[in-house]
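Residue numbers (the numbering used here): 2 to 139. We treat Cβ as the ideally placed atom computed from N, Cα and C, and that holds for glycine.
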Amino acid sequence: MIISVPKKILIVTPNWIGDVLFTFPFLAALRESYPAAEIICWTTPRCVEVLRNQPLIDDLLVYDERKESGIFSKWGFVTRLRAKKFDAAFLLHRSMTRILFCALAGIPKRVGYANWKQRWLLTDPLWPDRVGARRRLA
């Protein structure tokens, strides 16, 4: 399924406050590209305060993996994701669980960093440039 202009976008943020701060340029570019889209960030409780008043997003979806660790809690969260009817998800976190949740929720476009285990769950996998990264570190 090709979605030319997504109306509802889910951003799966990293787990740590510093990493979430590094997502702000991405959020700004996304907002500029899709000014009419509703942008919702899926985050952890520890990152809520960093995102709460962020003007680039419209809403937060908080998931506490520690409190919602049972299978029924997890499926309940997938159901919440499905009910929101997202057009696209950008996964800025490499979690297999989060990618699986987005796939089970039926989000038609899933963009994220790929590896050999996760590539089949992403509709638009992004492969890291390992050669270029090694050159920059050398």
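Practice prompt. Just list the alpha helix (DSSP H) runs in the region 73 to 135, keeping only unbroken ones of 4 residues or longer that don't cross its boundaries, in chain order.
Written response: 97 to 105
Worksheet item: Closest by CA to Pro109, which one among Ala115, Lys118, Asn116, Leu122?
Response: The residue you call residue 109 lines up with position 108 of the sequence shown. Nearest option by C-alpha distance: Leu122.
Worksheet item: Whose C-beta lies closer than 7 Å to the C-beta of Glu33 among residues of the same chain, with five residues either side of it excluded?
Response: Your numbering for residue 33 matches position 32 in the sequence shown. Within the same chain, Glu33 has no close Cβ partners at all.
Worksheet item: What are the residues that DSSP puts in a beta bridge with Glu39?
Response: The count along the sequence shown starts at 1 and reaches residue 39 at position 38. Paired residue(s): Lys9.
Fill in: Under 7 Å between C-beta atoms of Ile10 and Ala89
Within the sequence shown, the letter at position 9 stands for residue 10. Within the sequence shown, the letter at position 88 stands for residue 89. Yes, these two residues count as a Cβ contact at 7 Å.
Discussion item. Taking 7 Å as the threshold (C-beta atoms), are Leu92 and Gly113 in contact?
Written reply: Reading the sequence shown from its first residue, position 112 is the one you call residue 113. Reading the sequence shown from its first residue, position 91 is the one you call residue 92. Cβ distance < 7 Å, so Gly113 and Leu92 count as in contact.
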